Amino acid sequence: MSETPDFNSPGSFVSKTINTYATSLLPNKVFVNLQSQIQQIDNLTGVTTNQYVDIYDAYNNPKKTRIVANGGEKINLIDYEDNPTGTGSQYYIGRPVKKPKHRLWEQMFSLKKCFLPIPTDLLHKPEKRK
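Counting from 1 along the sequence shown, just add 208 to a position and that's the residue number in this note's numbering.
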């Protein structure tokens, strides 16, 4: 009795990740598997997160990824630097140029820390009443 395996089992789990790939065959008979979706399911918190890879560069580095969860969507844009000929005695492919920029609800921002001023009346210690 040969049954087809059920990859969705077991039904009760703490967390699991499902990877989906887009497969293509190049003219030189080489298969290329690129991740198209990563689904992370966490049954403890009830959160399901989907990460989509929308754009790859010529060296199959992800240039644009989207992370979609219950609260919204975050888009990561990453630029890479390539030196395939080894000019300057260093050979590298896919070196990130700078920190990724994020697009969140169509607003563009870079990663940075923000500090808000604290009102001075919150800093002094209240006196006890007599």
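The C-beta atom is built at its ideal place from N, Cα and C for all residues, glycine as well.
If you're wondering where the values come from, they're calculated on a predicted model, not measured in any experiment.
Residue i classed as buried or exposed, judged by whether at least 16 other C-beta atoms fall within 10 angstroms
i: I226; result: exposed
i: Q298; result: exposed
i: I283; result: buried
i: K224; result: exposed
i: V261; result: buried
i: V238; result: exposed
Secondary structure of residue i, DSSP reduced to three states
i: G296; result: coil
i: T256; result: strand
i: N251; result: coil
i: G279; result: coil
i: N269; result: coil
i: V261; result: strand
i: S223; result: strand
Test item: CB-CB of residue i and residue j under 8 Å
i: G302; j: Y264; result: no
i: K272; j: L285; result: yes
i: V276; j: Y288; result: no
i: T228; j: Q245; result: yes
i: S232; j: V240; result: yes
Inter-residue CB distance, residue i and residue j (contact presumed, cutoff 8 Å)
i: Q247; j: N258; result: 5 Å
Per DSSP, the bridge partner or partners of residue i
i: F239; result: L233
i: I286; result: Answer by DSSP bridge pairing: none, since I286 is not bridged.
i: I301; result: For I301, which the question treats as bridged, DSSP gives no partner whatsoever.
i: S244; result: BP columns for S244 are empty, so no partner.
CB contact below 8 Å: residue i versus chain C
i: Y229; result: The chain inventory of the structure shown lacks chain C, comprising one protein chain alone.
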